[in-house]
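Student: My questions all concern the structure below.
There are 2 protein chains.
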Amino acid sequence: MPPARVTQADVARMAGVSQATVSLVLNAEPDRVGPATRQRVLEAIGESGYAANPVAQSLARGRNSMIGVFTYEPVFPHGGGDFYRPFLIGIEAEAERQGSDLLLFTSAEVVDGKRRLSGRSRARLVITDGCLLLGRTEDKGELAHLLEDGPPFVFVGRRRLPGGDLPYVGADYIRATGDVVRLFLEHGHERIGFLGEMDARESLRDRLDGYRVAMRAAEMPTSEFDAAGRTPDEIVELVVGNRLTGLLLAESHRAEEIRSAAAARGLDVPRDLSMAVLGQPEIPLDTPLAWTGFRIPREEMGAQALALLVELIETRTKQTERHRLLPCLIEAGETVTAPPARSAPGGDT
Amino acid sequence: MPPARVTQADVARMAGVSQATVSLVLNAEPDRVGPATRQRVLEAIGESGYAANPVAQSLARGRNSMIGVFTYEPVFPHGGGDFYRPFLIGIEAEAERQGSDLLLFTSAEVVDGKRRLSGRSRARLVITDGCLLLGRTEDKGELAHLLEDGPPFVFVGRRRLPGGDLPYVGADYIRATGDVVRLFLEHGHERIGFLGEMDARESLRDRLDGYRVAMRAAEMPTSEFDAAGRTPDEIVELVVGNRLTGLLLAESHRAEEIRSAAAARGLDVPRDLSMAVLGQPEIPLDTPLAWTGFRIPREEMGAQALALLVELIETRTKQTERHRLLPCLIEAGETVTAPPARSAPGGDT
DNA sequence: CTGAAAGCGCTTACAG
DNA sequence: CTGAAAGCGCTTACAG
Numbered sequence: 000m001p002p003a004r005v006t007q008a009d010v011a012r013m014a015g016v017s018q019a020t021v022s023l024v025l026n027a028e029p030d031r032v033g034p035a036t037r038q039r040v041l042e043a044i045g046e047s048g049y050a051a052n053p054v055a056q057s058l059a060r061g062r063n064s065m066i067g068v069f070t071y072e073p074v075f076p077h078g079g080g081d082f083y084r085p086f087l088i089g090i091e092a093e094a095e096r097q098g099s100d101l102l103l104f105t106s107a108e109v110v111d112g113k114r115r116l117s118g119r120s121r122a123r124l125v126i127t128d129g130c131l132l133l134g135r136t137e138d139k140g141e142l143a144h145l146l147e148d149g150p151p152f153v154f155v156g157r158r159r160l161p162g163g164d165l166p167y168v169g170a171d172y173i174r175a176t177g178d179v180v181r182l183f184l185e186h187g188h189e190r191i192g193f194l195g196e197m198d199a200r201e202s203l204r205d206r207l208d209g210y211r212v213a214m215r216a217a218e219m220p221t222s223e224f225d226a227a228g229r230t231p232d233e234i235v236e237l238v239v240g241n242r243l244t245g246l247l248l249a250e251s252h253r254a255e256e257i258r259s260a261a262a263a264r265g266l267d268v269p270r271d272l273s274m275a276v277l278g279q280p281e282i283p284l285d286t287p288l289a290w291t292g293f294r295i296p297r298e299e300m301g302a303q304a305l306a307l308l309v310e311l312i313e314t315r316t317k318q319t320e321r322h323r324l325l326p327c328l329i330e331a332g333e334t335v336t337a338p339p340a341r342s343a344p345g346g347d348t
Numbered sequence: 000m001p002p003a004r005v006t007q008a009d010v011a012r013m014a015g016v017s018q019a020t021v022s023l024v025l026n027a028e029p030d031r032v033g034p035a036t037r038q039r040v041l042e043a044i045g046e047s048g049y050a051a052n053p054v055a056q057s058l059a060r061g062r063n064s065m066i067g068v069f070t071y072e073p074v075f076p077h078g079g080g081d082f083y084r085p086f087l088i089g090i091e092a093e094a095e096r097q098g099s100d101l102l103l104f105t106s107a108e109v110v111d112g113k114r115r116l117s118g119r120s121r122a123r124l125v126i127t128d129g130c131l132l133l134g135r136t137e138d139k140g141e142l143a144h145l146l147e148d149g150p151p152f153v154f155v156g157r158r159r160l161p162g163g164d165l166p167y168v169g170a171d172y173i174r175a176t177g178d179v180v181r182l183f184l185e186h187g188h189e190r191i192g193f194l195g196e197m198d199a200r201e202s203l204r205d206r207l208d209g210y211r212v213a214m215r216a217a218e219m220p221t222s223e224f225d226a227a228g229r230t231p232d233e234i235v236e237l238v239v240g241n242r243l244t245g246l247l248l249a250e251s252h253r254a255e256e257i258r259s260a261a262a263a264r265g266l267d268v269p270r271d272l273s274m275a276v277l278g279q280p281e282i283p284l285d286t287p288l289a290w291t292g293f294r295i296p297r298e299e300m301g302a303q304a305l306a307l308l309v310e311l312i313e314t315r316t317k318q319t320e321r322h323r324l325l326p327c328l329i330e331a332g333e334t335v336t337a338p339p340a341r342s343a344p345g346g347d348t
């Protein structure tokens, strides 16, 4: 026999008032209920240990202090990586501050190892006041749907939708990458290459854009290479073939293997080749060097995303600025220095 | 203006039936509704894109597929340690399997950095079908309360309540510690000491009990030392003073510093002193040795705890065995070998 | 086989 | 200031 949960009706009986009055004490302005009645109700609540049933609240008014957290993959993966953790550190801390609980949608349907945001999963979202979305394998179609007639949500990480205005809190990769490019320029580099997957993902696009914009502003020629399917040796070959003195790595996790390959070919980092990573990899690099690059403010992104979501829920107006772009801190490191002196000033004629 | 969603009433209107009939088509056995009617309803559902409102379902059914997860500290701590992670890996995987969502009680009141399970936090628990409890700073009084009139719950880790029968899924430290003791005995050790905090926590008590039982069974004298407040050097002093050839460490995280102190005093592990750790520390030891000891099945504990909880929720009977003790796998390692030969056979007279 | 009705536990106009 | 009532969108006995 499940211990029957205390309801407003029980409290009302104890306090000798109507159920509606209990609700008013709980929800309305203090002066909606007379002080004496109010007192009795409050006491009854204390004694009974009453707590509002959020499901009923939800149905009646549509809010329940529950924030949904939807991730496209398990929040707690078996393997080594732990992609979501830094974001969730920020999210949890902010949730504590806001006084909301977090509902992890672990019941979502899984297709090809990725959780889907459609069907029952999608319907389940409406349980919460609003929802945080995290992951790198989102389906833009699903998002468009959600935007159209779903509960409020905020994506952690910049996401763009062709026709829509998707709320997000992202990191300013464009600017951060530009900062790194300018660091190279200040050191006197002229031939600075960009290596990354030529992918449509915003986080990668933004880095590429940042590179292009900064290079163009400096009137330097760009050299972009697709990292996909290339071995470290092949990449070093590209560096040499294009006489690059600097290399930006969008794929920061490959930094160390590329440096090794360069070393094997007699190219020392940073003496002969300056390198920088555009963001820290999930799994810290096993490296003897302090890599130059920038730090992604993941915890802050999580916290701000939740803060923005709460704002959206509370105002429910289109007025609020729905996008936030947080700055990345540049890390000086030691892998970028002046380029080697040109062997033949004026070119290699 | 939130886009109005299609309800059963809408579907009923389209199909020319009652709202209840729509519900029956959706939920009851196929033959509760005549094939023709059923067909019309199904068509209307298809056309309208109807999806049941899970909030309303929850309210009507009295269950909501939400499992609460209460941790005494943040699930995602800032610092290095990550105590809860392995448990939550198991919990999340099991939740996927069971089709339930996880509600993290991040709104709980915090006192001295620990979340409390009383007041509003306590009340909030009842919104879930049942709740998983994790942490090492539980208040037994709060637990007793919960047991009395709270929702079903299961503690991850063995917990005992003087008067109550608290459901848990734990690791069998008694047996695992006994296994380690027997490993020492098989190697010929006779003077085996136990070092740990003499604390009331079950996990520590169990290790001590396991040690005592196994030693008594072998008719060996026990030597127990409180690690609290003792420096590594002082501990080594105890080892020497008591002529121990073997040492069990309940506080596995101190293993390496004690080994160093022993080495500094000329005691090599395992040549002069065999050591074993009773469970892996949260943060992996920075050590050149493979430590002998046992592995705590944390993921499995999480998964089983959730499975047990669901069972309790579904059966709602006292019949179910409410306790599960999982075996710990012994790790052979290389820190336990035969004790050094006695200098004077027959004693040191 | 199907509909009308009550109920899940709340919120919120609406009367007094 | 307070109560009676309607309603949120479902499920589920209970009558026909």
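Sequences listed follow chains X and A, in order.
Using numbering that gives the first Met the number 0, the first residue of the first sequence is number 0, and each one after it goes up by one.
Using numbering that gives the first Met the number 0, the first residue of the second sequence is number 0, and each one after it goes up by one.
Backbone N, C-alpha and C define an ideal beta-carbon position, used for all residues, glycine too.
1. Alpha carbons only, please: which of X:296, X:57, X:71 and X:275 is nearest the one belonging to residue 288 of chain X?
2. Once DSSP output is grouped into helix, strand and coil, what is the label at residue 191 of chain X?
3. Does DSSP put residue 212 of chain X in a helix, a strand or coil?
4. How about residue 195 of chain X and residue 184 of chain X: are their beta carbons less than 8 Å apart?
5. Using the beta-carbon of each residue, which ones in chain A are nearer than 7 Å to residue 26 of chain X?
6. Less than 8 Å separating the beta-carbons of residue 4 of chain X and residue 63 of chain X?
7. Please list, in chain order, all residues of the same chain as residue 88 of chain X whose beta carbon is under 6 Å from its beta carbon, the five residues on each side excluded.
8. Quick check on DSSP: helix, strand or coil for residue 267 of chain A?
9. For the candidate residues X:325, X:309, X:304 and X:258, whose alpha-carbon lies nearest to that of residue 335 of chain X?
10. At what residues does the alpha helix (DSSP H) containing residue 87 of chain A begin and finish?
11. Establish whether the CB of residue 11 of chain X and some CB of chain A are separated by less than 8 Å.
12. Are residue 95 of chain A and residue 238 of chain X closer than 8 Å when you measure CB to CB?
13. Fully enclosed by the region 3-73 of chain X, which beta strand (DSSP E) runs are 3 residues long or longer?
14. Along the chain, where does the alpha helix (DSSP H) that runs through residue 175 of chain X open and close?
15. DSSP state of residue 347 of chain X, grouped into three classes?
16. Return the residues of the region 33-67 of chain A that lie within a Cβ-Cβ distance of less than 8 Å from chain X, sorted by chain order.
17. Residue 47 of chain A and residue 13 of chain A - do their beta-carbons sit closer together than 8 Å?
18. Spell out a yes or no on whether the region 255-273 of chain X and the region 209-224 of chain X are touching, meaning 3 or more CB-CB pairs, one atom from each, closer than 8 Å.
19. For residue 116 of chain A, tell me which candidate among A:176, A:141 and A:264 has the shortest Cα-Cα distance.
20. Which first and last residues belong to the alpha helix (DSSP H) in which residue 247 of chain X is found?
21. For residue 66 of chain A, which option in A:311, A:27 and A:326 has the closest C-alpha, if you only look at C-alpha atoms?
22. Residue 50 of chain A to residue 125 of chain X, Cα distance in whole Å?
23. At what residue ranges does the region 126-168 of chain X contain a whole run of the alpha helix (DSSP H), taking only runs of 4 or more?
24. Any Cβ of chain A within less than 8 Å of the Cβ of residue 110 of chain X?
25. What's the gap between the Cα of residue 152 of chain A and the Cα of residue 132 of chain A?
26. Specify the secondary structure class of residue 335 of chain X as computed by DSSP and reduced to three states.
27. Would you kindly report the start and end of the unbroken beta strand (DSSP E) that includes residue 106 of chain X?
28. Going by C-alpha distance, which of X:59, X:45 and X:113 is nearest residue 73 of chain X?
29. Note down, in chain order, every chain X residue with its Cβ under 8 Å from the Cβ of residue 91 of chain A.
30. Please report the residue range of the beta strand (DSSP E) in which residue 292 of chain X lies.
31. Who are the neighbours of residue 160 of chain A on chain X, taking C-beta pairs under 9 Å?
32. Which residue's Cα is closest to the Cα of residue 174 of chain X: X:251, X:294 and X:80?
33. Give the DSSP-derived three-state secondary structure of residue 324 of chain X in the structure shown.
34. Does the beta-carbon distance from residue 103 of chain X to residue 103 of chain A come in below 8 Å?
35. At the level of alpha carbons, what is the spacing between residue 149 of chain A and residue 25 of chain X?
Tutor: Taking the geometry as given:
1. X:275
2. strand
3. helix
4. no
5. Going along chain A, no residue has its Cβ under 7 Å from residue 26 of chain X, so there is no contact; the nearest lies around 15 Å.
6. no
7. 298
8. coil
9. X:258
10. 84-97
11. no
12. no
13. 65-70
14. 172-185
15. Its pLDDT being 47, under 50, residue 347 of chain X is placed unreliably in this model, and the value from its coordinates should be taken loosely. The answer is coil: DSSP assigns residue 347 of chain X none of H, G, I, E or B.
16. 50, 51, 52, 53, 54, 55, 57, 58, 63, 64 and 65
17. yes
18. no
19. A:141
20. Unbroken run through residue 247 of chain X is the beta strand (DSSP E), 245-248; no alpha helix (DSSP H).
21. A:311
22. 11 Å
23. 139-148
24. no
25. 7 Å
26. coil
27. Segment: none, residue 106 of chain X is in no beta strand (DSSP E) and carries neither H nor E.
28. X:113
29. 73, 74, 75, 103 and 105
30. 291-294
31. Chain X residues near residue 160 of chain A: none, gap ~17 Å exceeds 9 Å.
32. X:294
33. strand
34. yes
35. 22 Å
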